[in-house]
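Residue numbering for the sequence shown follows my numbering, starting at 15 and increasing by one per position.
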Amino acid sequence: ACDSRRKPQNLSCLLTSLSLFPSRGPAAETLMDTRTATAELGWTAYPASGWEEVSGYDENLNTIRTYQVCNVFEPSQNNWLLTTFIERRGAQRVYAEMRFTVRDCSSIPNVPGSCKETFNLYYYETDAVIATKGSAFWMEAPYLKVDTIAADESFSQVDFGGRLMKVNTEVRSFGPLSRSGFYLAFQDYGACMSLLSVRVFFKRCPSVVQNFAIFPETMTGAESTSLVIARGVCIPNSEEVDVPIKLYCNGDGEWMVPIGSCTCKAGYEPDNGNVCRACPPGTFKSSQGAGLCQQCPPNSRSAVEAATICICRNGYYRSDMDLPEASCTSVPSGPRNVISVVNETSVVLEWNPPRETGAREDVVYNIICKKCRADRRTCSPCDDNVEFVPRQLGLTETRVFISNLWAHTPYTFEIQAVNGVTSKSPYPAQQVTVNITTNQAAPSIVPIMHQVSSTMNSITLSWPQPEQPNGIILDYELRYSEKDHPESNSSVVRSQTNTVRLEGLKPGTVYEVQVRARTVAGFGRYSGKMCFQTLTDDEYKSELREQLPLIAGSAAAGVVLVVSLVAISIVCSRKRAYIKETIYSDKLQHYSTGRELSLRPDVTNCHSPAGCPAHFPGSPGMKIYIDPFTYEDPNEAVREFAKEIDVSCVKIEEVIGAGEFGEVYKGRLKLPGKRELYVAIKTLKAGYSEKQRRDFLSEASIMGQFDHPNIIRLEGVVTKSRPVMIITEFMENGALDSFLRQNDGQFTVIQLVGMMRGIAAGMKYLAEMNYVHRDLAARNILVNSNLVCKVSDFGLSRYLQDDTSDPTYTSSLGGKIPVRWTAPEAIAYRKFTSASDVWSYGIVMWEVMSFGERPYWDMSNQDVINAIEQDYRLPPPMDCPTALHQLMLDCWQKDRNARPKFTDIVNTLDKMIRNPASLKAVATITAVPSQPLLDRSVPDFTAVTSVEDWLGAIKMTQYRDNFLSSGFTSLPLVAQMTSEDLLRIGVTLAGHQKKILNHVHSIQAQMTQSPTAMA
């Protein structure tokens, strides 16, 4: 099948034949060759007296058949010689090689001037053999001329041996050919010559193996400059590197311009340039390419050919991260020489590294903690609050500090030594076990205190037992003093129960109270200071009047009902400054009579016999917001309300902004067992102080308490590595104000109302949780890809620090306030309530309907304050429905009690959405009070002398020619313009139309106040 004398029949044979001749030159196939003829050629000559076939000898004295003609003495010669039919065999361009001799005309005596030393070559393409008898066929018309052939050398005589001297060889090509075959024709018109031989052939590029790819024999193109593409096929045991793999065959039958290549597969190496040989046993090759087979790494072997990896021997392994070239390694032995030091309820464990590391450098240690019964027969995993420093798993050090254990309790610690291949071993990790028993210890801190009741002169308090009593609680000690006079001596009282009544107190006074527990080991640490207040005389009388009917009713029924007065308590922080009693009162926490209502967010029901008190914000099942700054240690609030995320689950991708504390990134979060999702990642920049860290994480402590589709969702925090991160859901469209500006005029009124409804729903949820936002603005609303708006930005530090990102006004009480969005009572008295958030919501509505316009435009902060005080309110934005502007005005009621609640706002917007017809009436501009209250970006009408000046003042000078050429040459004419007028004169951008019309409305208002100005 692979006989080299025959054309190979399959790829293997072809490869074998090609490997014998890897660098052959251009191949040619002969269609006709008169040198091999032994009989008459039988060509057709016309006329009969012209060309004559004779036998002769070539220059090597070989017998040949030739045609000759020599009618030089007869004028007007036209002698034709036609070959037999020549099959094309698929060739598109054919070559004719002609060997001939020509007699020099000057060597012939008495020759006339018609003697020639050239002849013409023609061809005639046809699909079948043709008749050649008619004289018309011998005219030039049927033929295509190839060339006029001239001799390079001519002869003048014949030697005595009869040999012809000075043989010429000429080669000509012609094409393109498309018929089955063709004839060659030779025209003599007065030469004395002999046509010794004619060889007709075509060229092709030979089969070749190049770049480990086989390219088949390829015919050349129709033109001498043609390039014919040949596709290659990878040799056995090789694979493509670049596709497509191809070579170009040029007109001379030569390969050129290689593109793409193949290389040997994994398990095979190149041999002799174009063969891929299998790796022998004991070697391997792990990847495709030009590399050679390698010896197996230590502790591995390959028993077969073409191995891509060497298999580890028994007891040796590779980790998932090890390369195939890496040695196989084993698991480590156990830790050695463990030392344990017990100190009350903590223990320090130290050990020496294992004697055998398994030939790896990635040995780490895991600590398995178990709490046991006294007899150690049964043990269970340790409590979650047990702390390990630096960590419990993946320790690189040989020392760990373990705390928060129970006192007088047996523990078992298993110290495991593991490395990168431990998980591959079928046997458990090597470990050493340590048994210890903790010592006697003082109780842990009391987490919280509750106010049960209060009078003018007493406060009744209760508290839960410490989470770790570490023995039997003997009693509790309370220390208290007046908050406003911390320099006075504090008082101490003891209680054998977790309830106490502090007596002899001053009416209407705030007291700071601390409590600690005592066991036989001594006192634990004092709790953080917590603040409680006695009733004033008026409050006490009011409470008494409310309870008289209950007491009277109970006495009439013969039932004595003891009702505890509802008191007000607060957990105060030593870290925060309080400004006047109004600020302090914002932080009071309310509790119901009867069973205690814990500050923990998961305890939410009120259990008063009379139902929830009127002042209690919310209803059964509603969580109450807890200020993280009420914790003595704000880190405790972070742990309670924000989930800790391992930094390995977070992938940062790109910066999308900068926050107050550091940069904000877009990234991805992949938690175990959950799908990957895009998130926003706020980071805390390096070099932060502890206060900056607390302030940064306080936002997570706040956000983690909320769960609503219109409140930004907290995914978790990263606090155990650097940088510290807050991770929230990712909102594709960013801040609402910039999103609206980028899409000016692109949303319908119903879509805008839907956005406002979502914001109102989120604020309703916050109000029910008793949370006051204080900075509600479109810049603090985020928008996702479905146009869902979510309230964000819950950082409290902005109220205590400078914030240059937004215009602020420094109040007399200190702190920074975003004036344009803030209710007047909050500016003047720092009285922030849900009603002040409603005012801010009205400004957000105006921002939405104006597609992100700046509230009060370019008015200064002081001008805004003065304008609001004089009852100036923002006019309706362009195309704003009357119903929506009226709702804005309701939100801007000076009396905060007259403003709607967020529940009312949500219901009103729902009605508008259900009844779109209510939004068809568009609000119009009404007269405004006086010039100082107007938009400061609009010049005073009396101060502007021309339309050109006015356009310059509002930064629209690019439309000067449009206005003047359209006849709007004076301000009274401009004041009458409509949106149709603007479109007609060439103001096509929606944002520019809106800006110009807003200022036109302001001119109208000025004219209304000063009609004489038109003169």
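Ideal Cβ placement from N, Cα and C applies to all residues, glycine included.
Every value quoted in this text rests on a predicted model; they were computed, and no experiment measured them.
Can you say whether residue i is buried or exposed, counting buried as having 16 or more other CB atoms within 10 angstroms of its CB?
i, result
"V573", "For V573, the predicted structure reports a pLDDT of 30, less than 50, and the residue's modelled location is therefore unreliable. A value from the coordinates is still provided. Result: exposed."
"G671", "exposed"
"S353", "Here residue 353 turns out to be Ile, not Ser, going by the sequence shown. When all chains shown are included, I353 counts as exposed."
"T511", "exposed"
"Y679", "buried"
"L419", "buried"
"P220", "buried"
"Q990", "exposed"
"S192", "exposed"
"S979", "exposed"
"H787", "buried"
"R350", "exposed"
"V68", "exposed"
"V355", "exposed"
"G718", "buried"
"A570", "Summary for A570: the model assigns pLDDT 38, below 50, so the residue's position carries little reliability; its value from the coordinates is reported in the next sentence. A570 should be labelled exposed."
"M1030", "No information on residue 1030 is available, as it lies outside the stretch 15 to 1029 that the chain covers here."
"R736", "exposed"
"I764", "exposed"
Shortest alpha-carbon distance to residue i belongs to which of the options?
i, options, result
"V255", "I1010, G303 and V212", "G303"
"N286", "N880, N225 and W269", "N225"
"V920", "H1006, V805, M777 and V797", "M777"
"E713", "R689, L754, G759 and V652", "V652"
"A535", "E67, F916 and A456", "A456"
"E667", "L683, E131, V212 and P230", "L683"
"L965", "L1011, C393, M335 and S192", "L1011"
"V460", "Y425, H499 and Q528", "Q528"
"G1062", "S662, Q760 and I927", "Residue 1062 lies beyond the stretch modelled for the chain, which goes from 15 to 1029, so this question has no answer here."
"V222", "A244, T239 and E237", "A244"
"L1003", "V988, L987, Y973 and R834", "Y973"
"S848", "M902, L903, N911 and N313", "N911"
What residue range does the beta strand (DSSP E) around residue i cover?
i, result
"S509", "S505 to S509"
"Q445", "Q444 to T451"
"Q82", "T77 to V83"
"N251", "N251 -> no beta strand (DSSP E), and no H or E assigned at all."
"N366", "S360 to N366"
Can you name the start and end residues of the alpha helix (DSSP H) that residue i belongs to?
i, result
"P832", "P832 -> no alpha helix (DSSP H), and no H or E assigned at all."
"V181", "No alpha helix (DSSP H) holds V181; DSSP gives it neither H nor E."
"F427", "Note, F427: premise wrong, no alpha helix (DSSP H); beta strand (DSSP E) at P424 to V432."
"L780", "V763 to E782"
"K705", "E704 to M717"
Less than 8 Å between the CB atoms is what I'm expecting for residue i and residue j, so what's the real figure, rounded?
i, j, result
"E491", "F537", "7 Å"
"T983", "V961", "6 Å"
"I249", "S275", "I249 to S275, Cβ: 11 Å. No contact."
"K696", "G673", "5 Å"
"T115", "W57", "So it is not a contact: roughly 18 Å between Cβ atoms."
"T469", "Y379", "Going by Cβ atoms, the distance from T469 to Y379 rounds to 59 Å, so no, they are not a contact pair."
"G235", "I100", "Actually they do not touch by this definition, with Cβ atoms about 20 Å apart."
"T423", "I487", "Not quite, the Cβ-Cβ distance comes to about 17 Å (not below 8 Å), so this is no contact."
"T426", "N449", "5 Å"
"V805", "E743", "That pair is no contact at about 13 Å."
"R107", "F216", "7 Å"
"S64", "V86", "A small fix is needed here, since residue 64 is Gly in this sequence, not Ser. That pair is no contact at about 12 Å."
"F402", "I381", "6 Å"
I want to check one thing, is the minimum distance from the CB of residue i to the heavy atoms of the ligand ADP below 7 Å?
i, result
"A774", "Inclusion of the ligand ADP in the displayed structure is not the case, the ligand content being empty and no account of it being possible."
Under 8 Å between C-beta atoms, does residue i make it to chain B?
i, result
"D397", "The structure shown has no chain B; it contains just one protein chain."
(request) May I ask you to verify whether the stretch 307 to 318 touches the stretch 275 to 295, counting CB pairs closer than 8 Å and requiring at least 3? (result) A contact exists between the stretch 307 to 318 and the stretch 275 to 295.
(message) Would the stretch 84 to 99 count as touching the stretch 186 to 203 if we require 3 or more Cβ pairs under 8 Å?
(response) At 8 Å Cβ cutoff, the stretches touch.
(request) Take every Cβ of the stretch 265 to 280, pair it with every Cβ of the stretch 135 to 146, and state whether three or more of those distances are shorter than 8 Å. (result) Here the stretch 265 to 280 makes no contact with the stretch 135 to 146; the two share fewer than three CB pairs at distances below 8 Å.
(message) Under 8 Å, with one C-beta from each stretch per pair, do the stretch 753 to 760 and the stretch 704 to 712 reach the 3-pair mark?
(response) In short, these stretches do not touch, since the Cβ pair count stays below three.
(message) Taking contact to mean 3 or more Cβ pairs, one atom from each stretch, closer than 8 Å, check whether the stretch 887 to 897 and the stretch 837 to 844 are in contact.
(response) Touching, no.
(message) Measuring CB atoms only, is the stretch 42 to 50 touching the stretch 122 to 138, in the sense that at least three cross pairs come out at less than 8 Å?
(response) In the pairwise beta carbon analysis, the stretch 42 to 50 is classified as not touching the stretch 122 to 138: fewer than three pairs are separated by under 8 Å.
(message) Counting beta carbon pairs with one atom in the stretch 878 to 885 and one in the stretch 921 to 931, are three or more of them shorter than 8 Å?
(response) Contact annotation: the stretch 921 to 931 does not touch the stretch 878 to 885, with fewer than three C-beta pairs closer than 8 Å.
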